[in-house]
Structures are given as C-alpha cells and as structure tokens.
Amino acid sequence: MSPNVNDILVLAAILLGLGIGGALFRTNLVVLFAALQTAAAGAVLAICAIGTASETARNTAQIFALIVTVSMSMSSVLGYIIFFSRFRAVKRSNINDAVELRE
Amino acid sequence: MTLLGLLLYLLFATTLFCAVYLLFSKNLYRISFALFVLNVSLSGIMLYLGYRAISLIFFSWSAIATVLFLSFSSALVGDLSNGFQKSEGTKKFANYIGLFVGGGFGFGFLWAIKRQGLALDRSSFDPGIPMEALGKQLLGEHSIVLHLIGFLILIVVIGASTLRRRIDGQRSSNES
C-alpha cells in the first residue's frame, strides 16, 4: 500500500490551508513570508499531482509548476528586500505597525 | 506496505508537522529549519511523482530560502553565532572545521570531474523528460504566462517607486 494521487491532493490542500491561515493570523513579516511559501508549495504539489493523474496534462503541469516555483521565489526575494529595507528604517518587524503600506 | 510507500508516508508526516510547527512557533531560527525540512520533504514527494526537474528546482530554492531566512532572522533577533562561538579558540576551531569540510567538498568535486569528466553530452541528460517539448510549450503555447509575470513585475516596480517617493515626500515635509 502506497499513497495515491488523492492522498497527495489532500496533503496539498492542507498545506494551502495552513499557509493561508499563517498568512492571515501571524503578524511577523518573516513568518508571513514562510506561510505564503507554504501555501505556494501546496499549490505546486497540487499541480504535480494533477499532472500525474492525467497523462495528457503532464507537460503542462511541469511548466505551470516551474512557473509557480520561480514566481514564488522571485516574489519572496522581492518581499524580503522590501521588508529588510523597512526594518532597517523603523526597527520593527510587525506587520500591524506598517501603517504606511495601508495609505 | 513497500519501503518506498513507508518513506512517502514519513515525508507526508514531516511535511504536515513542519507546516503546523511553522504556523505556531515563535522561534525564527526553528521556523527557518522547519521551512527547509518542509520544502525538502515536498521535493521528495515530487521526486516520487516523477517530476525530477521541478524537484531539483524546489530543493535548490529551499536551500536559498533557508539562507535568506536565517539572515533575516539573525537581523531580527541577533547573531546566530553568538550562541555557539564563545571564545577565540572556539571561533578558530569552527573556522578550521569549515575550511576542512569546504576543502573536502571541493576535492571530492574535482576528483569526480577528473574521474568521469563533466559528461555534458546529450545522453547524460535523462531521456525520460521531454525537454524539447517542454521548451516549445513554455515559449509557445504558454508564453502568455511569461508576459503576465513581466507585467506584474512592472506593476510592482512602479508601485514600489511611487511608495518610495511618497515616503520621501512625507519625510521632507516632516523635517521642514
């Protein structure tokens, strides 16, 4: 007995849920980025599982997984840069303090 | 249950545990390592599904993300090395260990190249991955996604510059 595609899809859904929950409820920006990465990782896993289930969509799934992974990493690096420049200016990492981003 | 199935269930368990730990932990260093283990476990699951290239990219990204996380965590909560390197002797010992491990890796890499060469011919790549078809699809049928990403990056750059100008304007008005 080994895990099938349905199990992997369930795992991907749990990861997506946990990631979104972390992004909504944690206030530290570093943890928020980690939670967003978890959500994106769940999405990539779901794409891979769907590609495995359907033989015709395998190449498309590979391309989409690649694009999601690369855009996730790019957005994370951009976010870290913005966060770090802000942290150097105000010495705070709590997102609730970032009032200038809401204006 | 086969050994591979057991290993896969173990990867499932580590993924879930790390995701939950990441959501509830307060220690940034532990969160960094939890994210690394989570991403590596996911790479293993993708490898099981047959996505070798994606798995490798995901693993590389997880290593880079861990370094980024540790850097920002050390900027937030203090130097990580303070907890481990107490004296000058300990620091020197750590440097020698790093030099030894790095030298070992370098020697092993050079020895492997000398033994079997770089072998970058066509047959050294996995024939199971249809690279040509993937490349054609990426730059042909799905090129709209690349355009969309470029457009989004343009919006982000314009937004960042606008925000920067507004903050500078507010600062100069506050100073005056």
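Those sequence lines, one after another, are chains A and B.
Counting along the first sequence from 1, when you hit position 32 you're at 32 in my numbering, and nothing is skipped either side.
Counting along the second sequence from 1, when you hit position 43 you're at 1043 in my numbering, and nothing is skipped either side.
By construction, the Cβ of each residue, glycine as well, lies at the ideal position given by its N, Cα and C atoms.
Note that the structure is predicted; figures quoted are calculated from it, not measured.
Simplified DSSP assignment, three categories, for residue i
i                 : result
PHE1125 (chain B) : Residue placement at PHE1125 (chain B) is flagged as unreliable, the pLDDT there being 49, under the threshold of 50; the coordinate-derived value follows with that caveat. Residue state, collapsed to three classes: coil.
ASN4 (chain A)    : coil
ASN94 (chain A)   : strand
GLN1085 (chain B) : Confidence at GLN1085 (chain B) is low in this model, with a pLDDT of 49, below 50, so the placement of that residue should be treated as unreliable; the coordinate-derived value is given next. Coil.
ASN1027 (chain B) : coil
PHE1012 (chain B) : helix
THR56 (chain A)   : coil
HIS1142 (chain B) : coil
THR1066 (chain B) : helix
GLY1050 (chain B) : coil
SER76 (chain A)   : helix
VAL38 (chain A)   : Val is not the amino acid found at residue 38 (chain A); the sequence shown has Thr there. Helix, per DSSP.
THR1002 (chain B) : coil
SER1176 (chain B) : coil
GLY19 (chain A)   : helix
Bridge partner(s) assigned by DSSP for residue i
i                 : result
ASN1039 (chain B) : Partner(s): none; ASN1039 (chain B) has no beta bridge.
ASN28 (chain A)   : A:ASN94
Where residue i meets chain B, residues with beta-carbon distance less than 8 Å
i               : result
LEU78 (chain A) : VAL1156
ALA35 (chain A) : LEU1022 and LEU1023
ASN59 (chain A) : PRO1130, ALA1133, LEU1134 and GLN1137
THR69 (chain A) : ILE1054, ILE1057, PHE1058 and TRP1061
LEU45 (chain A) : LEU1042, ILE1045 and MET1046
LEU66 (chain A) : ALA1053, ILE1054, ILE1057 and LEU1138
7 Å Cβ cutoff met for residue i and residue j
i                 : j                 : result
LEU1070 (chain B) : SER1025 (chain B) : no
VAL5 (chain A)    : ALA49 (chain A)   : yes
ALA40 (chain A)   : MET72 (chain A)   : yes
SER1043 (chain B) : PHE1059 (chain B) : yes
SER1055 (chain B) : LEU1047 (chain B) : yes
LEU1022 (chain B) : ALA1034 (chain B) : yes
PHE83 (chain A)   : LEU24 (chain A)   : no
ALA13 (chain A)   : VAL44 (chain A)   : no
ALA1019 (chain B) : THR38 (chain A)   : yes
ASN94 (chain A)   : THR52 (chain A)   : no
Interface partners of residue i on chain A, CB under 9 Å
i                 : result
VAL1067 (chain B) : Simply none; closest approach about 11 Å.
SER1179 (chain B) : Chain B is shown only over 1001 to 1176; residue 1179 (chain B) falls outside these bounds and no answer can be derived.
Chain D residues whose Cβ lies nearer than 8 Å to that of residue i
i               : result
SER73 (chain A) : Reference to chain D is not applicable here, since the protein chains of this structure are A and B.
Closer than 7 Å at the beta carbon, the chain A residues around residue i
i                 : result
ALA1019 (chain B) : LEU15, LEU18 and THR38
ASN1039 (chain B) : ALA41
PHE1151 (chain B) : Near PHE1151 (chain B) there are no residues of chain A at all, since even the closest Cβ is about 12 Å away, more than 7 Å.
Neighbour list for residue i in chain A, Cβ cutoff strictly below 8 Å
i                : result
PHE971 (chain B) : Chain B is shown from 1001 up to 1176; residue 971 (chain B) falls before or after that span and cannot be answered.
Beta-carbon neighbours of residue i, restricted to chain B and to distances below 9 Å
i               : result
THR52 (chain A) : LEU1049, GLY1050 and TYR1051
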